[in-house]
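So the sequence lines, in the order shown, correspond to chains A and B. Heads up: the first sequence runs through residues 1 to 384, numbered per UniProt numbering. Heads up: the second sequence runs through residues 1 to 384, numbered per UniProt numbering. Single-structure report; data block below.
Number of protein chains: 2
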Amino acid sequence: MEQVCVLGAGSTKYGKLEDSISDITVQASVDAIDSAGIEPREIGAGYISNVFGVADKQVHLGPVIMSNLGIPERPSLSIESACGSGSASFREAFANVAAGFYDAVLVAGTEKVTHTGTEWTTTYFSYCSDFFYEGQAGASFPGLFASMARAYLNEFKATEEDFARVAVKNHENGLLNPKAHLQKKITIDDVMASAVVASPLKLYDCCPFSDGASSVILCSEKFAKEHGGEYIRVTGSGRGGSSAALQGREQMTTIPSTRIAAEQAYKMAGVGPKDIDFAEVHDCFTIAEIVDTEDLGFFEKGKGVAAVREDATSRGGEIPINPSGGLKSKGHPIGATGVGQVVEVYDQLTGKAGQRTVKGATTGLTHNFGATGASCAVHIFQSV
Amino acid sequence: MEQVCVLGAGSTKYGKLEDSISDITVQASVDAIDSAGIEPREIGAGYISNVFGVADKQVHLGPVIMSNLGIPERPSLSIESACGSGSASFREAFANVAAGFYDAVLVAGTEKVTHTGTEWTTTYFSYCSDFFYEGQAGASFPGLFASMARAYLNEFKATEEDFARVAVKNHENGLLNPKAHLQKKITIDDVMASAVVASPLKLYDCCPFSDGASSVILCSEKFAKEHGGEYIRVTGSGRGGSSAALQGREQMTTIPSTRIAAEQAYKMAGVGPKDIDFAEVHDCFTIAEIVDTEDLGFFEKGKGVAAVREDATSRGGEIPINPSGGLKSKGHPIGATGVGQVVEVYDQLTGKAGQRTVKGATTGLTHNFGATGASCAVHIFQSV
């Protein structure tokens with residue numbers, strides 16, 4: 001197996017964007033190619049992740065992106081795994097480079113939905129649930145995560161204010177990220193006073209609908225060394241699944257796919273949770289970040305809220321979580337999110353994260369799931 | 001690299017189906033699992049291919065399929081590359097098994113669109129073109145392939161009756177395929193008298209919109225031997241790309257991605273066009289089959305029509321093309337088609353093709369592309 005590396009990274013701003021889905025994907029990809037210091041023709045294949053290309057009337061995005069980059073003859077494909085599409089695509093690219101099928105590939109995640117309005121978006125996103133059991137019963141994602149939050153409140157010593165702290169922390173980080181969608185300082189009172197979306201979750205417990213694109217160049221270490229740019233190593237990769245419908249799970253306060261993916265990734269990297277310096281995790285709702293940090297092994301089950309209360313997950317804490325601002329503040333263009341997490345880790349480990357830098361970090365982790373965690377991928381990265 | 005094999009295969013009937021997209025995918029997958037003689041828990045991951053899950057309100061299909069098969073913890077993802085989705089997904093599964101990431105995986109292609117009606121389907125399919133240049137200008141696929149057909153008529157000694165012969169041949173094959181969508185004998189006169197869709201292409205030059213699902217089990221040869229079922233080897237795999245918009249190509253009568261993918265697949269398999277006993281090729285329109293057979297090296301450029309006239313591509317001919325009936329008669333559920341081609345090759349090479357058996361065949365090829373060939377994959381299979 002080849003040692004796989006991230007050689008370059010680029011992102012559009014996340015938020016409400018005017019350009020087409022093709023254009024924003026090309027913009028992020030050109031930035032990643034420039035950052036890597038390579039020419040487009042050195043790219044062997046394109047791995048695109050996207051969920052609702054139909055919203056911008058463009059599916060089969062791969063050839064459009066490759067053609068716009070001037071390399072139409074290169075193979076490409078799109079990967080979808082709901083909100084976990086980006087990390088699923090990253091994993092496929094990783095496997096192909098590790099196996100030697102390509103020396104270098106483009107991984108580009110993208111989504112363009114805000115122009116369609118909240119009603120359309122909420123409806124279409126519900127198609128990512130197990131629609132037979134959930135979506136058609138009216139159980140869209142705010143409701144499903146509210147069920148998890150309610151179960152957590154019942155099972156452990158936690159309050160709604162604890163969830164609010166996650167939002168406050170991630171908005172603080174996002175203020176330092178020029179690419180973030182919601183660059184706004186908020187307080188616990190702001191969260192508590194915001195409109196109830198699905199009790200106990202309020203508006204500020206929820207990530208926004210965002211447009212955006214993020215790209216990275218993934219390559220063998222041999223290729224990275226020959227091209228002389230700054231690179232980081234991908235040392236662990238894992239994927240797992242959970243029952244598609246929440247009702248099929250034994251417990252509501254843990255996500256099995258996270259545990260499976262994390263175990264594989266830790267094993268491949270030869271490290272454990274204590275070796276991780278910071279993590280970008282899937283905080284589509286504040287409750288998700290709490291559950292994630294427990295399932296990833298950073299804290300015992302039920303102790304995730306105490307960790308937030310004690311600032312252990314803040315940027316200067318024991319294990320900073322979502323220094324980028326996370327889905328909550330940076331935004332959540334669903335097909336791009338998993339790749340955007342890798343962009344943040346690349347920026348952090350190569351000294352490009354500016355004011356939000358996690359000091360002394362050499363090992364980062366990304367965790368990105370689809371729906372309520374029906375699909376999940378975890379990756380571990382180390383600086384050279 | 002592990003030698004990769006196809007151990008089992010299953011398909012629903014192609015046509016207008018009543019069951020949901022999830023249900024038809026599970027049906028085909030259960031058939032493939034039974035055919036392989038394995039238990040679902042022996043499957044390491046699921047590779048789903050699908051384009052318009054939104055049409056049946058279910059994207060993020062992987063976890064739904066894995067959950068219904070009783071293996072929710074296994075990772076899965078969906079791959080889209082327009083009408084070439086099935087072969088792109090097959091290739092990813094192939095790469096992962098070849099590299100040793102999994103011993104056995106499920107590859108399932110699926111599509112459910114007929115319930116939405118012709119207008120919706122034509123519109124959505126146009127999102128698979130380069131929408132900026134083609135779809136929004138009204139250039140949907142019948143029009144784009146008509147441009148290719150017109151160019152072919154201008155450039156070579158060919159007639160509209162030559163194209164019609166492709167349809168007649170494929171319908172003859174499809175009559176022997178109980179899973180085929182259009183089981184109807186037609187004549188050249190029928191084709192010539194059918195309604196003009198986009199001149200020079202008439203209704204019977206076009207494949208139908210179909211629902212359907214096809215699945216195969218892909219595994220290492222070690223796994224196949226241990227499980228004792230009938231299997232065939234995947235000896236060659238290639239992928240390529242072409243300019244997304246037809247206008248970006250130098251020639252209209254050749255598809256660059258086919259040539260690139262074929263060259264890679266032949267090289268990996270260590271064979272040439274003359275070693276192929278039969279092929280399932282992408283005949284979304286009759287002109288496509290002519291161009292395909294030339295680009296795959298079976299005939300010189302411009303000679304594909306003579307080959308059809310002389311019955312070289314008929315079931316008893318020199319190189320039988322589309323013994324299954326092809327997209328034209330078997331049908332074209334776009335996310336399933338590329339996997340369905342592999343099902344046909346498996347059935348042919350393991351003696352399960354009944355009356356449509358290509359006698360003495362030991363080597364088969366599949367060729368499946370997206371849009372007007374912007375993406376393409378070619379695979380080569382050999383019996384054990």
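Glycine is no exception: its CB is placed at the ideal position from the N, C-alpha and C atoms.
Neighbour list for residue i in chain A, Cβ cutoff strictly below 7 Å
{"i": "residue 57 (chain B)", "result": "127, 131 and 135"}
{"i": "residue 260 (chain B)", "result": "73"}
{"i": "residue 88 (chain B)", "result": "77"}
Neighbour list for residue i in chain A, Cβ cutoff strictly below 8 Å
{"i": "residue 66 (chain B)", "result": "241 and 244"}
{"i": "residue 371 (chain B)", "result": "60 and 63"}
Neighbour list for residue i in chain B, Cβ cutoff strictly below 7 Å
{"i": "residue 62 (chain A)", "result": "81 and 375"}
{"i": "residue 248 (chain A)", "result": "67 and 72"}
{"i": "residue 256 (chain A)", "result": "73"}
Interface partners of residue i on chain B, CB under 9 Å
{"i": "residue 53 (chain A)", "result": "80 and 127"}
{"i": "residue 96 (chain A)", "result": "92, 95, 96 and 99"}
{"i": "residue 266 (chain A)", "result": "Going along chain B, no residue has its Cβ under 9 Å from residue 266 (chain A), so there is no contact; the nearest lies around 16 Å."}
Supposed contact pair residue j and residue i - C-beta distance, whole angstroms, cut 8 Å
{"i": "residue 72 (chain A)", "j": "residue 241 (chain B)", "result": "5 Å"}
{"i": "residue 6 (chain A)", "j": "residue 346 (chain A)", "result": "5 Å"}
{"i": "residue 385 (chain B)", "j": "residue 349 (chain B)", "result": "Lying before the first or after the last residue shown, residue 385 (chain B) is absent from chain B, which here runs from 1 to 384."}
{"i": "residue 392 (chain B)", "j": "residue 255 (chain B)", "result": "Nothing can be reported for residue 392 (chain B): it is not among the residues displayed for chain B, which extend from 1 to 384."}
{"i": "residue 252 (chain A)", "j": "residue 151 (chain A)", "result": "4 Å"}
{"i": "residue 93 (chain A)", "j": "residue 51 (chain A)", "result": "Going by Cβ atoms, the distance from residue 93 (chain A) to residue 51 (chain A) rounds to 18 Å, so no, they are not a contact pair."}
{"i": "residue 239 (chain B)", "j": "residue 376 (chain B)", "result": "7 Å"}
{"i": "residue 232 (chain A)", "j": "residue 384 (chain A)", "result": "7 Å"}
{"i": "residue 55 (chain A)", "j": "residue 112 (chain A)", "result": "6 Å"}
{"i": "residue 269 (chain B)", "j": "residue 380 (chain B)", "result": "4 Å"}
{"i": "residue 343 (chain A)", "j": "residue 315 (chain A)", "result": "The Cβ separation is near 18 Å, so there is no contact."}
Cβ pair residue i, residue j closer than 7 Å
{"i": "residue 84 (chain A)", "j": "residue 368 (chain A)", "result": "yes"}
{"i": "residue 378 (chain B)", "j": "residue 4 (chain B)", "result": "no"}
{"i": "residue 63 (chain B)", "j": "residue 374 (chain A)", "result": "yes"}
{"i": "residue 49 (chain B)", "j": "residue 8 (chain B)", "result": "no"}
{"i": "residue 128 (chain A)", "j": "residue 26 (chain B)", "result": "no"}
{"i": "residue 11 (chain B)", "j": "residue 28 (chain B)", "result": "yes"}
{"i": "residue 103 (chain A)", "j": "residue 220 (chain A)", "result": "yes"}
{"i": "residue 330 (chain B)", "j": "residue 180 (chain B)", "result": "yes"}
{"i": "residue 277 (chain A)", "j": "residue 158 (chain A)", "result": "no"}
{"i": "residue 311 (chain B)", "j": "residue 302 (chain B)", "result": "no"}
{"i": "residue 372 (chain B)", "j": "residue 341 (chain B)", "result": "no"}
{"i": "residue 47 (chain B)", "j": "residue 89 (chain B)", "result": "yes"}
{"i": "residue 273 (chain A)", "j": "residue 297 (chain A)", "result": "yes"}
{"i": "residue 332 (chain B)", "j": "residue 210 (chain B)", "result": "yes"}
Residues that residue i contacts on chain B, provided the C-beta gap is smaller than 8 Å
{"i": "residue 138 (chain A)", "result": "Those do not exist, as residue 138 (chain A) stays about 13 Å from chain B at its closest Cβ, beyond 8 Å."}
{"i": "residue 346 (chain A)", "result": "Going along chain B, no residue has its Cβ under 8 Å from residue 346 (chain A), so there is no contact; the nearest lies around 23 Å."}
Do the segment 69 to 78 of chain A and the segment 146 to 158 of chain A meet, that is, are 3 or more Cβ pairs less than 8 Å apart? no
If contact is defined by three or more beta carbon pairs under 8 Å, each pair taking one atom from either stretch, is the segment 160 to 174 of chain A in contact with the segment 272 to 291 of chain A? yes
Are the segment 336 to 343 of chain A and the segment 212 to 223 of chain A touching, with three or more C-beta to C-beta distances below 8 Å? yes
Closer than 7 Å, Cβ to Cβ, to anything on chain A: give me those residues from the segment 208 to 221 of chain B, in chain order. none
With a threshold of 8 Å, are at least 3 pairs of Cβ atoms found where one atom belongs to the segment 132 to 144 of chain A and the other to the segment 57 to 73 of chain A? no
Near-chain A residues of the segment 22 to 33 of chain B - C-beta to any C-beta below 7 Å: 22
Check each residue of the segment 141 to 174 of chain B: if its Cβ is closer than 9 Å to any Cβ of chain A, include it; give the result in chain order. none
The segment 290 to 324 of chain B: positions lying closer than 7 Å to chain A by Cβ: none
Counting only Cβ-Cβ distances shorter than 8 Å, please list the residues of the segment 109 to 125 of chain A near chain B, keeping chain order. 124
Is the number of C-beta pairs between the segment 198 to 208 of chain A and the segment 18 to 25 of chain A that are closer than 8 Å three or more? no
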